[in-house]
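Structure first, commentary second.
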Amino acid sequence: MSKDTKALKIAKGLLLLSLNNEGKADQERVKEIISELRKEGVSKSIPILQHYLTLMKRKINSYQGVLETSSNENSALSKIFSEKLRQAMGNKIDLVQIKNESLIAGFKLRIGDDVYEDSLSSRISRLKKSLT
Amino acid sequence: MSSITDLIRKEIENLSTDATRTNVGTIATLADGVARVEGLSKVMYNEMVEFPGNILGIALNLEEDSVGCVILGETSALKEGDEVKTTGKLLSVPVGKGLLGRVVDAVGRPIDEKGPIDSDISYPVERIAPGIIPRKSVTQPLQTGIMAVDSMIPIGRGQRELIIGDRSTGKTTIAIDTIINQAKINKKGEESGDPDFRAVYCVYVAIGQKNSNVARTIKVLEETGAMEYVTIVSAPAADNPANQYLAPYAGCAMGEWFMENGMDALIVYDDLSKHAVAYRQISLILKRPSGREAYPGDVFYLHSRLLERSARLNEDNGNGSLTALPIIETQMGDVSGYIPTNVISITDGQIFLETDLFNKGIRPAVSVGLSVSRVGSAAQIKAYKKVAGKVKLELAQFRELAAFSQFESDLDAATKARLDRGARIVEIFKQTAFNPVPVEVQTAVMWAIQNDFFDSIEVSKIAEAVDSLKEYLYTQGAEACNEIYTSGKLEDGTVEKLRSALEDWKRTQS
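From first to last, the protein sequence lines are chains A and B.
Everything in the first sequence is counted per the working numbering, starting at 1 for the first residue and increasing by one.
Everything in the second sequence is counted per the working numbering, starting at 1001 for the first residue and increasing by one.
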């Protein structure tokens, strides 16, 4: 087994230790893990930390979504999206709403690697593509 | 003006208003035209991905935590952290007759400044080769116009014949001659109005070549009037390795369209050595395990899946064909290299070109001993088969005896006769570049050899005599040649006409 594969295997184990009962990352546990890793030398801990960071990002992205809208923050809208997503995906998705004026109108929702978009800017760029 | 507004209105009406769903990732590392992308969890193998600025790439390595993508364009504007999107499509190229006369890049975009490609159809570059059932034996000849090849190493429609040799031995010239000959045959066939005539369309794929060489090839094809039947797919040495890797598959897809639509096509891969090198470069950057000569383990599959796509289809599947002429460059005449042996084993024969012969002025420098066509005389017209049957043996015997006779002062009459005949055949087979000879004229010249018409001519004057005979056959001997062309046979009446024409020509020589 190569050093990198070993580091990935350890990082996967550490990720499981970092999750709480709901399957979400627990900040206290993460802190503990990092402090334990610090005790190992830099050469050992860095490859593990790199994999741990990638896996953690992916995990957080799986239950946390980013909702981009052209308007200001609207909690009612976030709630509607959260409810619809819970119905569609079967688990609760924490939504963070941010303002993105470049959308012109509509929304862009990102959960994990998936991006759902229905905005005026995307329609314009689709039209531009079909005309060129 | 109104047509433009109508077009825009139509596009707006047809525009989908549904929400889109894409799978995205971000560039983690970027080197030598290959990006490692984090994310893209739903990407398919060989799927096209979109980088910022409408730059396309292909997902080639699907790993547990990242995806290796080759980028098909300028990478200088891309940077770490840029977003990459899936497209849900496999890489496709435009196909059809609209590509004839055009020069395109590895993804089918025109690079000849002649405007957009007139084609509505596209084929994916990676396709499964035809299976056993739709195929048929190779029986119809594909004339190269090169006497040494058509007589001794005949090529059939749907065959894969490798052209192999060291640098500067005339490999590309053989391929270009073949293309020029197809154009000549096509023009003659179209003029004749024969409903059964089947034109051969050509695709020339230039991989890792100098732009000046590609420009020279285009010029030759234009000057000889062959360009209207040819599509050139160019991935020059200055292009990124991803494009050089894709170009043969793109060209093959273009050729397949002709085959699947009941037509005949010829594809030249110039050359697959450089293709393997480009693939090795990509594989090493993608960190795939390397094997012999640092090539990845699937380098055989790289070429076998490409060359298996050339086939002759049966009548139930349109009766089309795709003939392949892959080119391989050897180092110091070594045919036992990794890539040469791989491609030799995949193809149905090879034309081996020797540096020594080339330097001696024997051009095309075809090595009789090492060249072979596994289709054999099945790919020759009956008339040619009749006159060329013994030539290969005679020439091989001559080469053997010529080496042996250097040490012998006293030769018996039979050996001397064989040496004389061999020396004459060698001279007759000498041919200038880009000057293919029609099959009926070749048949007549071969008949003249078999019937001793050259025996009284000095060896040093044979080349001159052959030129004069060809000229004579185009004019005074045209009747006999036309009969050979139309019937494909050497019937008694034709033989008599040919004999009388040759006797007339012989008188002009004395």
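Note that beta-carbon positions come from the ideal geometry of N, C-alpha and C, so glycine has one too.
- Less than 8 Å divides the Cβ of B:A1148 from the Cβ of B:P1364.
- For A:R123, the chain B residues whose C-beta falls within less than 8 Å of its own C-beta are L1015, T1017, listed in chain order.
- For a Cβ distance threshold of 7 Å, residue set D113 of chain A lies close to B:G1039, ordered along the chain.
- Classified as exposed, B:T1475 has fewer than 16 neighbouring CB atoms from the shown chains inside 10 Å of its CB.
- Judged by DSSP in its simplified three-state form, A:Q64 adopts strand.
- Taking 8 Å as the threshold, the shortest C-beta distance from A:R38 to chain B does not fall below it.
- B:T1355 and B:V1205 have their alpha carbons spaced roughly 24 Å apart.
- B:N1482: member of the alpha helix (DSSP H) spanning 1478 to 1487, first to last residue.
- With contacts defined as CB atoms closer than 8 Å, B:N1342 and B:V1299 qualify as a contacting pair.
- Rounded to the nearest whole angstrom, the C-alpha separation of B:P1340 and A:K39 is 55 Å.
- If you check the CB distance, B:A1129 and B:R1399 do not come in under 8 Å.
- Taking all protein chains shown into account, B:T1432 has fewer than 16 neighbouring C-beta atoms within 10 Å of its C-beta and is therefore exposed.
- Per DSSP, the beta-bridge partners of B:G1165 are B:E1329, B:L1353.
- Of all residues in the region 62 to 89 of chain A, none has a C-beta nearer than 9 Å to a C-beta of chain B.
- Taking a contact to require three or more Cβ pairs closer than 8 Å, the region 1368 to 1383 of chain B and the region 1151 to 1162 of chain B qualify as touching.
- Contacts with chain A (Cβ-Cβ distance below 9 Å) from the region 1050 to 1079 of chain B involve N1054, E1064, D1065, S1066, listed in chain order.
- Its chain contains H51 as the residues whose beta carbon lies nearer than 7 Å to that of A:L8, once the 5 sequence neighbours on both sides are disregarded; these appear in chain order.
- Excluding five sequence positions before and after A:L103, the CB atoms of its chain that fall closer than 6 Å to its own CB belong to S70, S119, S121, given in chain order.
- When the alpha-carbon of B:E1074 is set against those of B:S1367, B:A1238, B:K1386, B:K1461, the nearest one is in B:A1238.
- Assigned with DSSP and collapsed to three states, B:V1441 falls in helix.
- Under the Cβ distance rule, A:L16 does not count among the residues neighbouring chain B, no pair being separated by less than 8 Å.
- Below the 9 Å Cβ cutoff, chain A contributes D113, D114 as neighbours of B:K1042, in chain order.
- Cβ proximity to chain A below 7 Å picks out nothing from the region 1437 to 1466 of chain B.
- Exclusion of the five residues before and after B:G1098 leaves I1117, D1118, S1119 as the residues of its chain whose Cβ lies within less than 6 Å of its Cβ.
- At a cut-off of 3 residues, the continuous stretches assigned as beta strand (DSSP E) that sit fully inside the region 1220 to 1280 of chain B are 1230 to 1235, 1264 to 1270.
- Secondary structure of B:V1093 (DSSP, three-state): strand.
- Just so you know, the alpha carbons of B:K1187 and B:E1223 end up roughly 15 Å apart.
- For B:S1122, the enclosing beta strand (DSSP E) has its first and last residue at 1121 to 1124.
- About 5 Å separates the Cβ atoms of B:V1200 and B:L1266, confirming a contact at the 8 Å cut-off.
- The region 1004 to 1018 of chain B and the region 1053 to 1069 of chain B do not touch, with fewer than 3 CB-CB distances between them shorter than 8 Å.
- Residues of chain A with a Cβ closer than 9 Å to the Cβ of B:E1011 are, in chain order, L127, S130, L131.
- Look at B:R1127: its C-beta is not under 8 Å from any C-beta on chain A.
- Burial check for A:L53: the Cβ neighbour count within 10 Å stays below 16, so the residue is exposed.
- With fewer than three CB-CB distances shorter than 8 Å, the region 1449 to 1456 of chain B does not count as touching the region 1168 to 1175 of chain B.
- B:E1047 and B:P1289 have their C-alpha atoms spaced approximately 22 Å apart.
- In terms of beta-carbon proximity, B:T1087 stays away from the interface with chain A, with every pair separated by 8 Å or more.
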